[in-house]
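Okay, so here's the structure we're looking at.
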Amino acid sequence: MTSEHRDPWLLTPGPLTTSYDVKAAMLRDWGSRDREFIDMNRRVRERLVALAGGQGTHVCVPVQGSGTFAIEATLGTLVPRQGKLLILINGAYGKRMAKICAYHGLPHAAIETPEDVPVDPVGLAEALQEGPDITHVAVVHCETTSGILNPVGEVAAVCARHGRSLIVDAMSAFGAIELDGRLTPFDALVASSNKCLEGVPGLGYAIVRESVLETCQGRSPSLTLDLYDQWRSMEANAQWRFTPPTHVIAAFHQALREHEAEGGVRGRGGRYRRNCEILIAGMRRLGFETLLPDDLQAPIIVTFRTPSDPRWNFDTFYDALRERGFVIYPGKLTVADSFRVGCIGHLGEQEMRDALVAIEATIAEMGITRCGPARVESDA
Ligand SMILES: *Cc1c(COP(=O)(O)O)cnc(C)c1O
413 MTSEHRDPWL LTPGPLTTSY DVKAAMLRDW GSRDREFIDM NRRVRERLVA LAGGQGTHVC
473 VPVQGSGTFA IEATLGTLVP RQGKLLILIN GAYGKRMAKI CAYHGLPHAA IETPEDVPVD
533 PVGLAEALQE GPDITHVAVV HCETTSGILN PVGEVAAVCA RHGRSLIVDA MSAFGAIELD
593 GRLTPFDALV ASSNKCLEGV PGLGYAIVRE SVLETCQGRS PSLTLDLYDQ WRSMEANAQW
653 RFTPPTHVIA AFHQALREHE AEGGVRGRGG RYRRNCEILI AGMRRLGFET LLPDDLQAPI
713 IVTFRTPSDP RWNFDTFYDA LRERGFVIYP GKLTVADSFR VGCIGHLGEQ EMRDALVAIE
773 ATIAEMGITR CGPARVESDA
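In terms of this note's numbering, the sequence shown opens at residue 413 and continues consecutively.
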């Protein structure tokens, strides 16, 4: 998408390809009390709240670090020790939330579905019915492990009906797949700078219902990850508590402008959907098979089943594609051998088509003729 591009295209779940202007926005040094920096910080926070449909109800609390830092901060600040978090798990990111709870000694339970099956709102309703001790529910919008889209709208409706607090890990969907707090009520949505909003990595944030956050003083067991304290200090003096990632925020400020210029969530989501369609159609033409049927596939990252051809070797395939300028990602599934190709970041139709040309050349070079997965007897 940019003629200045010399790095490989990152067809991964992150870090992702960013635009030239996003990178160029970092060529300055700001003091933390710099008026210009304070204004950028404020505009970034306001814009994120607006993107989540949270104006007047929610506030944005940023935190230094990658997305997981913001997830950990949110769980630690919102879920009380006398509470209980029910996690809907269908991949590694749901499991990671359970791991965070275990570290923090937070009471939690999980409803687990296979990685190629969406989380189940009906099962959730039953669990809430039978579990009055459950105070909070957590769900992942797009489970990046497989690329599956979870029914967050239905999950939110169930939580609202049963009066439980909902926390959404929207990391790999926010900014490209609609999630509006006025239609899909949530108490916290967590995302980061470097996924669909195409900033550089280094910043996570939660968009939290203000009336909920107000009740969370003194709850976090961590100083650096205390979202309540981070929020209160930022409101009080417009300052971060600890050294702010100034360059990351400047880049994010530019990235949000580009997002808006592209037509916001609709425009960004449209480009990713085209990327995804081109990728899947092209890969199927070569004989590859996707893990997910099209109706469960989010336009974020696509899982392909490993070819049955004995000449297949992921590392060889990866290295040869890297040589040709494209970085893909290994699979993270337990249900099947796989690899993943992302369709997010600052790339479009041309890059997806070029990636397909590179993939075709690579499999020819490797002598692979069968790109489909091995068949079990019953469906051969
Ligand atoms: C990327 C991602 C995260 C955060 O991962 P980090 O490596 O900490 O940035 C969390 N949840 C989902 C669904 C993700 O895709």
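Just so it is clear, CB atoms sit at the ideal spot from N, CA and C, and this is done for glycine as well.
In this text, all values refer to a predicted model and were calculated from it rather than measured experimentally.
How far does the alpha helix (DSSP H) with residue i in it reach, from first residue to last?
i: residue 676; result: 676 to 698
i: residue 639; result: 639 to 649
i: residue 774; result: 761 to 778
i: residue 796; result: With the chain represented from 413 up to 792, any question about residue 796 goes unanswered, as that position is not in the structure.
i: residue 462; result: 447 to 463
i: residue 636; result: First-last for residue 636: undefined, no H or E at that position.
i: residue 623; result: 622 to 625
Select from the options the residue whose C-alpha is nearest the C-alpha of residue i.
i: residue 638; options: 514, 596, 487 and 757; result: 487
i: residue 544; options: 449, 701 and 571; result: 571
i: residue 785; options: 489, 717 and 498; result: 717
i: residue 862; options: 539, 661, 468 and 542; result: Because the chain here runs from 413 to 792, residue 862 falls outside it and cannot be looked at.
i: residue 558; options: 515, 506, 535 and 598; result: 506
i: residue 427; options: 766, 765, 780 and 740; result: 740
i: residue 443; options: 436, 759 and 452; result: 452
i: residue 714; options: 731, 732 and 692; result: 692
i: residue 688; options: 675, 673 and 707; result: 707
i: residue 424; options: 734, 783, 762 and 674; result: 734
i: residue 574; options: 732, 604, 534 and 482; result: 534
Relative to ligand 1, is the shortest distance from any of its heavy atoms to the C-beta of residue i smaller than 7 Å?
i: residue 555; result: yes
i: residue 702; result: no
i: residue 706; result: no
i: residue 480; result: yes
i: residue 607; result: yes
i: residue 475; result: no
i: residue 552; result: yes
i: residue 558; result: no
i: residue 426; result: yes
i: residue 741; result: no
i: residue 501; result: no
I'd like the list of long-range same chain contacts for residue i, defined as Cβ closer than 7 Å, with 5 residues on each side in sequence excluded.
i: residue 587; result: 463, 608, 609, 671, 677 and 680
i: residue 596; result: 564, 565 and 568
i: residue 743; result: 715, 749, 750, 751 and 752
i: residue 710; result: 554, 559, 560, 561, 585 and 589
From residue i to residue j, what distance separates their C-alpha atoms?
i: residue 538; j: residue 580; result: 20 Å
i: residue 578; j: residue 589; result: 18 Å
i: residue 606; j: residue 485; result: 18 Å
i: residue 522; j: residue 512; result: 13 Å
i: residue 415; j: residue 619; result: In this prediction, residue 415 scores a pLDDT of 48, lower than 50, which makes its location untrustworthy; the coordinate-derived value is nonetheless stated afterwards. C-alpha separation (whole angstroms): 35 Å.
i: residue 614; j: residue 657; result: 7 Å
i: residue 402; j: residue 439; result: Not covered by the structure: residue 402. The range shown for the chain is 413 to 792.
i: residue 781; j: residue 736; result: 20 Å
i: residue 518; j: residue 434; result: 38 Å
i: residue 593; j: residue 466; result: 6 Å
i: residue 686; j: residue 725; result: 29 Å
What does a CB cutoff of less than 8 Å around residue i pick up in its chain, not counting 5 residues either side in sequence?
i: residue 405; result: The first residue shown for the chain is 413 and the last is 792, placing residue 405 beyond what the model contains.
Hey, could you find the ends of the beta strand (DSSP E) residue i is sitting in?
i: residue 665; result: No beta strand (DSSP E) holds residue 665; the alpha helix (DSSP H) holding it covers 658 to 673.
i: residue 501; result: 497 to 501
i: residue 601; result: 600 to 604
i: residue 754; result: 750 to 754
i: residue 578; result: 577 to 581
Within its chain, find whatever has a CB closer than 6 Å to the CB of residue i; leave out the 5 residues flanking it on each side and keep chain order.
i: residue 699; result: 783 and 784
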